[in-house]
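Some notes on the structure that comes next.
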Amino acid sequence: MHPDADLEQLMAAYQKGDSAAAAALIERVSPRLHRFFLVQAVSRRDADDLLQETWLRIHQARHTYRPGEPVLPWLYAIARHIRVDHYRKARRTALREQQVEVLPEAPASIMGSTAGGRTDRGPDLEALLGALPESQREVIAMLKVSGMSLEEVARATSSSVGSVKQKAHRAYEKLRGLLRDGATA
Amino acid sequence: MKPEDLDRIFASAGTEYHLEPELLDRISAAILPGLRPVRPMPPARVIVAGLLLLCLTVGVAGASIFGMYGIRKLSGAESAAIFAVVGLLACLAASQTAAEMAPGSRRLVSPAVLAVAGSLALIAVAAVLFGGYAIDGFVQQGVPCLRAGLLHALPAAGGTWLILRRGMAVNRTAAGVAAGTLAGLAGVTMLELHCANLRAIHVMAWHVAVVPLSAGAGALLAGALTFRERSAARPS
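Read top to bottom, the protein sequences are chains D and B. Note that the first sequence ends on residue 192 in this note's numbering; no numbers are left out. Note that the second sequence ends on residue 752 in this note's numbering; no numbers are left out.
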């Protein structure tokens with residue numbers, strides 16, 4: 008049985024006003040969504056904010072989930088929308104503001120860090136994916152980190168399965184190349 | 517790190533990741549108190565049927581009011597061919613509009629591609645079915661048709677927008693294009709039923725133009741709405 012099969016039931020119960028189902032859904036999905044934001048090269052604090060904003064939007068739009076449909080594409084399409092909005096806002100702010108001081112903020116990628124609830128897990132995923140273009144990073148994050156299928160990623164990104172496959176293939180090639188270069192250096 | 521490490525990194529990435537309980541508590545506190553049941557959106561096929569009915573009603577009602585001169589002049593084969601293509605495009609546009617209402621829905625084709633390809637398909641059908649490329653009275657006869665088509669697209673767009681509001685369009689521009697294309701096809705339906713000018717050049721230019729113009733207007737309107745909301749949300 009697919010490990011996410013019960014997410015649909017939890018979502019349907021959430022629509023019916025079941026608090027326990029909503030709490031279970033928040034607990035199950037939040038780490039993945041947080042990780043999704045973190046690999047998109049945002050700071051941990053921004054990822055926290057984006058996660059909270061995403062849940063508020065999910066709550067407002069929960070009636071748009073159609074029972075029986077896969078939940079993850081629905082959730083990630085909303086999360087993606089929030090991230091794109093955040094990116095636009097950040098770009099506008101950066102254009103308007105003049106940076107006078109670089110604030111010391113812990114980078115999202117720390118080799119084997121235990122910071123912020125992460126456990127020690129060897130090579131850092133965020134640093135690795137940071138080398139990829141945004142669209143490829145997003146696809147790899149959904150496929151490999153969240154464990155979504157090609158069809159689910161295609162739905163979440165409003166694109167075709169072929170396009171997702173192509174992006175994943177290119178991303179893999181680039182990552183392998185980077186690792187090879189790193190190993191020989 | 518070696519290339520072989522890649523699969524191992526990804527395999528461990530999905531697991532062993534925990535969030536601070538405080539963050540989860542904050543989210544739960546914002547959502548769980550006062551949680552009410554909601555009625556899920558109807559299935560996509562119900563929305564598609566509603567949208568098609570709306571557009572058919574607008575097209576037929578308009579042609580009934582202004583006269584069904586076009587359909588009387590068309591042969592059975594011509595009617596079947598042109599309305600089959602318009603119907604197929606309307607089904608695709610309605611499916612696309614219904615998909616845009618729910619995040620993470622399966623999309624058959626991008627709305628922009630549908631608007632362009634649909635217009636080209638209608639041009640091709642007109643070129644195959646009708647003859648006549650004389651341009652006497654081209655503008656004088658064409659502008660009233662374009663105006664009538666766009667005026668009929670308006671109520672169809674209004675009704676579609678009311679249905680769209682029930683959902684959540686994560687890409688508003690795409691939703692605007694899909695809804696505009698559908699509304700434009702309602703205008704084309706009215707024109708094909710009403711207009712007795714079966715010159716190929718007239719149909720290709722003035723009838724078909726309703727579709728891309730409506731789609732473009734839908735995109736502009738969606739963009740303007742998004743811009744207004746973002747401006748309102750921006751701190752002064």
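For each residue, glycine too, the CB sits at the ideal point set by N, CA and C. A quick note: this is a predicted structure, and the numbers were derived from the prediction, not measured.
Could you compute how far the alpha carbon of residue i sits from the alpha carbon of residue j?
i, j, result
"Leu-17/D", "Ala-615/B", "23 Å"
"Gly-653/B", "Ala-716/B", "13 Å"
"Ile-639/B", "Ser-730/B", "16 Å"
"Trp-677/B", "Lys-181/D", "43 Å"
"Thr-100/D", "Ala-735/B", "26 Å"
"Ser-120/D", "Glu-133/D", "With a pLDDT of only 41 at Ser-120/D, under the threshold of 50, the placement of this residue in the model should not be trusted; the figure read from the coordinates follows. Between Ser-120/D and Glu-133/D, the C-alpha separation is close to 11 Å."
"Ala-28/D", "Gln-22/D", "9 Å"
"Arg-524/B", "Gly-566/B", "49 Å"
"Leu-540/B", "Ile-85/D", "18 Å"
"Asp-188/D", "Gly-154/D", "27 Å"
"Gln-143/D", "Lys-174/D", "5 Å"
"Val-562/B", "Leu-136/D", "42 Å"
"Val-574/B", "Leu-82/D", "36 Å"
"Leu-465/B", "Met-684/B", "Residue 465/B is absent from the structure shown; chain B starts at 517 and stops at 752."
"Val-686/B", "Leu-680/B", "12 Å"
"Ala-20/D", "Gly-620/B", "19 Å"
"Gly-692/B", "Ala-628/B", "10 Å"
"Met-553/B", "Ile-543/B", "It should be pointed out that residue 553/B corresponds to Pro in this sequence rather than to Met. The alpha-carbon atoms of Pro-553/B and Ile-543/B are separated by roughly 18 Å."
"Gln-656/B", "Arg-663/B", "12 Å"
"Leu-698/B", "Phe-582/B", "21 Å"
Looking at the secondary structure, which residues open and close the alpha helix (DSSP H) in which residue i lies?
i, result
"Phe-646/B", "Here Phe-646/B belongs to no alpha helix (DSSP H), and DSSP marks it neither H nor E."
"Val-618/B", "Residue identity differs from the one stated: residue 618/B is Ala in this sequence, not Val. First-last for Ala-618/B: undefined, no H or E at that position."
"Ala-725/B", "Segment: none, Ala-725/B is in no alpha helix (DSSP H) and carries neither H nor E."
"Gln-47/D", "Gln-47/D -> no alpha helix (DSSP H), and no H or E assigned at all."
"Lys-23/D", "No alpha helix (DSSP H) contains Lys-23/D, which DSSP labels as neither H nor E."
"Ala-473/B", "This structure cannot settle anything about residue 473/B, because the visible part of chain B is limited to 517 through 752."
"Glu-159/D", "157-163"
"Glu-133/D", "132-136"
"Tyr-72/D", "Unbroken run through Tyr-72/D: none, as it is neither H nor E."
"Lys-589/B", "585-589"
"Val-146/D", "141-147"
"Leu-709/B", "688-710"
"Val-659/B", "654-680"
Spatial neighbours of residue i within its chain, please: C-beta separation below 6 Å, excluding the five flanking residues on both sides.
i, result
"Ala-138/D", "Leu-185"
"Gly-578/B", "His-668 and Met-706"
"Val-564/B", "Ala-610, Ser-611 and Ala-614"
"Ala-733/B", "Gly-696"
"Ala-30/D", "none"
"Phe-743/B", "none"
"Gly-675/B", "Leu-570"
"Gly-665/B", "Gly-703, Leu-707 and Val-726"
Shortest alpha-carbon distance to residue i belongs to which of the options?
i, options, result
"Thr-71/D", "Ala-560/B, Ser-580/B and Gly-566/B", "Ala-560/B"
"Lys-151/D", "Ser-165/D, Ala-178/D, Arg-35/D and Arg-90/D", "Ala-178/D"
"Leu-63/D", "Pro-549/B, Cys-661/B and Ala-673/B", "Pro-549/B"
"Gln-67/D", "Leu-605/B, Ile-679/B, Glu-538/B and Ala-618/B", "Ala-618/B"
"Ala-672/B", "Gly-683/B, Asn-687/B, Thr-689/B and Val-726/B", "Val-726/B"
"Asp-11/D", "Arg-95/D, Glu-76/D and Ile-89/D", "Glu-76/D"
"Val-724/B", "Gly-739/B, Ala-738/B, Glu-708/B and Ala-733/B", "Glu-708/B"
"Lys-589/B", "Phe-646/B, Ser-528/B, Asp-521/B and Glu-745/B", "Phe-646/B"
"Ser-595/B", "Leu-608/B, Ala-642/B and Thr-573/B", "Ala-642/B"
"Val-719/B", "Leu-636/B, Gly-592/B, Asp-521/B and Gly-674/B", "Leu-636/B"
"Arg-98/D", "Val-49/D, Arg-183/D and Arg-187/D", "Val-49/D"
"Pro-556/B", "Leu-135/D, Ala-54/D, Tyr-94/D and Arg-73/D", "Arg-73/D"
"Arg-90/D", "Asp-56/D, Ser-153/D and Leu-136/D", "Asp-56/D"
"Phe-526/B", "Glu-141/D, Ser-166/D and Val-46/D", "Val-46/D"
"Glu-745/B", "Arg-69/D, Arg-144/D and Lys-96/D", "Lys-96/D"
"Leu-568/B", "Arg-623/B, Ala-694/B and Ala-685/B", "Ala-694/B"
"Ser-166/D", "Leu-666/B, Gly-675/B and Ala-690/B", "Ala-690/B"
"Val-644/B", "Met-584/B, Ala-597/B, Leu-604/B and Leu-666/B", "Ala-597/B"
"Ala-749/B", "His-88/D, Arg-103/D, Asp-92/D and Ser-26/D", "Asp-92/D"
"Arg-52/D", "Ser-580/B, Ala-546/B and Leu-535/B", "Leu-535/B"
"Asp-25/D", "Asp-521/B, Leu-522/B, Ser-747/B and Leu-551/B", "Leu-551/B"
So, for residue i: in the same chain, excluding its five sequence neighbours on each side, which residues have a beta-carbon less than 8 Å away from its beta-carbon?
i, result
"Leu-14/D", "Leu-32, Arg-35, Val-36, Val-78 and Leu-79"
"Ala-721/B", "Phe-654 and Gly-658"
"Val-237/D", "Not covered by the structure: residue 237/D. The range shown for chain D is 8 to 192."
"Ala-650/B", "Arg-715 and Ile-717"
"Val-602/B", "Leu-638, Leu-701, Val-704, Thr-705 and Glu-708"
"Pro-728/B", "Ala-631, Val-632, Ser-635 and Gly-700"
"Cys-661/B", "Leu-707, Cys-711, Asn-713, His-718, Trp-722 and His-723"
"His-176/D", "none"
"Leu-608/B", "Leu-624, Val-625, Leu-630 and Gly-634"
Identify, in the order they occur along the chain, each residue of the same chain with its Cβ nearer than 7 Å to the Cβ of residue i, setting aside the five sequence neighbours on each side.
i, result
"Leu-58/D", "Ser-37, Leu-40, His-41 and Phe-44"
"Leu-741/B", "Arg-688"
"Val-168/D", "Leu-157, Glu-158 and Ala-161"
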